[in-house]
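Data block below; observations after.
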Amino acid sequence: MVNSSVIRRSWLIVPGYERAPIEYIRRYLPDVLVLDLEYTVPPKRKEEARANLGDAIRGLAQCPSEVFVRVDWKTRWCDVKAAIRPGLKGIILPGPELAKDVTEIDEFIADCEQQTGVIPGSIELALILESARGLWNAWNLSRASPRVTALGLGRVDLTMNLGPDPQGDFRIYPYLMSRVLATARALGKQPLGAHWRRGSRGGVDSPERTLEAAQRARYMGFTGCLCAKPEQVVPASQGFTPTTDEVSRLTRIQDMFEQIHKAGQVYADIDGRLYDSSKVQACRNLLLFAQACSRKDTDKALYGKAEVKQ
Amino acid sequence: MIRVNRSVMFVPINNPRFVEKAWTRGSDAIILDLEDSVPMSEKEKARALVHETIPKVAKGGAVIFVRINKEFIKADLEAAIWPGISRVILPKAQTADDVRLVDALLTSLEKERGIEVGAVEIFPLVESALAVANSYAIATSSPRVKVMPDGWGYDTSLDLEIEMFAGFDQYVYIREEPTLAEIAAGVEAMGGPYIPGTTGKVDQKEEGKALATALHDAHIHESIILHPALVEPLVAGLAPTTEEIDWARKVLDIYERLQQEEESVAEVDGKVIDIYEYQHAQELLEWAEACAAKDRRKAIAVAKALSEQEPASGPSVNSKQS
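If you're matching them up, the sequences are chains F and Y in order. Its first residue numbered 4, the first sequence is counted upward by one per residue in the working numbering. Its first residue numbered 3, the second sequence is counted upward by one per residue in the working numbering.
So, in structure tokens, the structure goes:
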């Protein structure tokens, strides 16, 4: 089932030390802005990045992108502590392997919420699975805290050293995607990931390949992915959005089915395909999702324009 | 030490011709087979051959494994576990208990026969639906399990009524689920990727090359083979190329410089260099070194065997050793 209330297709990762992350929103309009304390921040700038989060999150108060912080597994406690404050939507936690990893973070977040006056239980958790152990335990991890709202497949091609197979997929990667998808959907979490293939360095890939990876991932059931480069935001959002062709086809199916349904028939033959009410329901869901995407994009575009005028 | 078993070649122990020639094939590892190669009526005779066969097939520097019968675990191990055997292939492992039984028997045989306790590995074959379902339990059943295959193969196909060579990948779950379980358990997963167009022929050099390329690309270091024609493509194809080695050295260089500057990412020749590439480069260089060392050991063994051999009486060595 598509949840049309939350549109989080592109998650742009920006180094946590950036003084004006708002610029990234104005220019690239990601659905989610991720202030990073992990990969993009070299060791010598970690402290600076943590100290910068307060101003950064305050500065993003009125923007149409939701704000997450990605913490570093190795320094997750002080990272989480530095991140939690009003305005923060959630934490991206890469690398959990056991349910206990998640419950411990959950409890720690609760303490931080209390200390900073953030509504208790409001900080979300997006789990990014990056190891075989984490993937093996995906189900238990996702159930370990009610804060978990998203489950993602991380850089497993790199962390698990999965080379490509003759078809161009990284070894067992489609299976891992399926596993994450089924787990996420079964538990009502957003499935995050893109279908990266041979020759790709996923998070830092070109806009063209990002579009392909996102489109394929959408057809596989995913609804968003992380972007390490700003240039990936537009193709990622686009790839996870139904195309205009799809929308007009779906609209046509919906309209034709309604007419046929009114005429008392249960099946409709539309363009050589047989539709029944459940198939048409799937079309309606997708249309609702497309409409929500379009509303989100309109909001962001208005914001972008208003900001430029100032 | 990194184990280098690029080609793991089956040798039917009951066939003297194959046994005599086995050391000349250049394989990294040889499996003395007591299972499918041996008819039921000859099991006892085959068992009795293991002890004297080990030095014969090891002459070319290969490490020697034995495949036992699931039905005769005790008798086979009694007959087969001698110094020189470094791995037991356990067919049709169904549960963790199957592996634990072999583990316990190995421990007592090792003590009895002067082998370091724990030295002999167990390689459980995943050959049934039950084994696929139990793959995590099997992978974690004993510290002797270091490497494991996936569920692809004739026996699983039989168990699940799968047509093996249908021209498409009908093994997704039974290959990938054990693979994930094994990696999660800290065991090396040596199951290969799906290769389109496989006909089931085991003696084709070209298919051997395709197999080696596919395994190498997928970063898999080991393959079991049924025919000596596949030894050379695998031994050559699973070792890193000089281009890969050069690039890995460059990555180490650049990344170490980055670290000195307390940076973590750089882009060189359009390629990202970071902690992941650094780790891969390190692994690749270690693997390259291990392969080269194995090749040297084999070359020395072959030279020694040839010098001890009476002129013109033995088989000629037809594989390249460098």
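All residues carry an ideal CB built from backbone N, CA and C; glycine is no exception. For clarity, every value in this text was computed on a predicted model and none was experimentally measured.
Asked	Found
Please name the residues in the region 41 to 61 of chain F whose beta-carbon is closer than 9 Å to at least one beta-carbon of chain Y, in chain order.	Y42, T43, V44, P45, P46, K47, R48
Fully enclosed by the region 53 to 131 of chain F, which alpha helix (DSSP H) runs are 4 residues long or longer?	79 to 86, 102 to 119
Where does Y/I197 fall in DSSP's three states?	coil
Can you pull the chain Y residues whose beta carbon is under 8 Å from the beta carbon of F/N288, in chain order?	Within 8 Å Cβ-Cβ: nothing; F/N288 doesn't reach chain Y, min ~27 Å.
What separation, rounded to the nearest whole angstrom, lies between the Cα atoms of F/R22 and Y/E178?	44 Å
Does the region 238 to 258 of chain Y come into contact with the region 35 to 52 of chain Y, if we say contact requires no fewer than three beta-carbon pairs (one atom in each stretch) closer than 8 Å?	no
What does the alpha-carbon distance come out to for the pair F/W76 and F/G98?	6 Å
Note the first and the last residue of the continuous beta strand (DSSP E) segment covering Y/P126.	123 to 126
Could you pull out every unbroken alpha helix (DSSP H) segment of at least 4 residues lying fully inside the region 138 to 180 of chain Y, listed in chain order?	156 to 162
With 8 Å as the limit, tell me which residues of the region 150 to 163 of chain F have their beta carbon closer than that to any beta carbon of chain Y; keep them in chain order.	R158, L161, T162, M163
In chain order, what residues of the same chain lie with their CB nearer than 6 Å to the CB of F/R53, ignoring the 5 residues before and after it?	A85
Tell me the start and end of each unbroken alpha helix (DSSP H) in the region 272 to 304 of chain Y that is at least 4 residues and wholly inside, in chain order.	none
Is there at least one Cβ from chain Y nearer than 8 Å to F/G90's Cβ?	no
Chain F beta carbons: is any one of them nearer than 8 Å to that of Y/L236?	no
If you measure from the beta carbon of F/V105 to each beta carbon in chain Y, is any gap under 8 Å?	no
With 7 Å as the limit, tell me which residues of the region 125 to 141 of chain F have their beta carbon closer than that to any beta carbon of chain Y; keep them in chain order.	A135, R136, L138, W139
If contacts are defined as beta-carbon pairs under 8 Å, then F/L63 and F/G90 qualify, I think. What distance do you get, rounded to the angstrom?	7 Å
Going by DSSP, what residue range makes up the beta strand (DSSP E) through F/Q235?	Premise fails: F/Q235 is in no beta strand (DSSP E) and is neither H nor E.
Less than 8 Å between CB atoms is the rule here; does Y/E265 satisfy it with respect to chain F?	yes
Return yes when at least one heavy atom of the ligand SAH lies under 7 Å from the C-beta of F/D302, else no.	For the ligand SAH, the structure offers nothing, since it holds no ligand at all.
How big is the Cα-Cα spacing for Y/L34 and Y/N16?	9 Å
Three-state secondary structure (DSSP) at Y/V235?	Note that residue 235 of chain Y is Pro in the sequence shown here, rather than Val. Residue state, collapsed to three classes: helix.
Are Y/A50 and Y/A98 close, meaning C-beta to C-beta below 8 Å?	no
For the beta strand (DSSP E) that contains F/D39, what are its first and last residues?	35 to 39
Could you confirm whether any beta carbon from chain F is found closer than 8 Å to the beta carbon of Y/I185?	yes
Measuring alpha carbon to alpha carbon, tell me which of F/M163, F/R201, F/N164, F/M180 ends up nearest F/G171.	F/R201
Using the Cβ count rule (16 or more neighbours within 10 Å means buried), how would you classify F/K47?	exposed
Determine which residues of the region 225 to 254 of chain Y have a Cβ less than 8 Å from any Cβ of chain F, and write them out in chain order.	none
Please confirm whether F/R30 has its beta-carbon closer than 8 Å to some beta-carbon of chain Y.	no
I want to verify the contact list: residues of chain F whose CB lies under 8 Å from the CB of Y/Y278, in sequence order.	R158, L161, T162
If you scan the region 245 to 280 of chain F from start to end, which runs of the alpha helix (DSSP H) of 4 or more residues do you find wholly inside it?	247 to 265
Out of F/L184, F/G166, F/K308, F/Y222, point me to the one whose CA is closest to F/L289's CA.	F/Y222
For chain Y, find out if any of its Cβ atoms is closer than 8 Å to the Cβ of F/R204; answer yes or no.	yes
Starting from the C-beta of Y/E44, find all residues in its chain whose C-beta is less than 8 Å away, skip the five residues before and the five after it, and write them out in chain order.	N16
Using the beta-carbon of each residue, which ones in chain F are nearer than 7 Å to Y/I197?	P169
Quick check: the Cα distance between Y/P180 and F/R252, rounded to an integer number of angstroms?	41 Å
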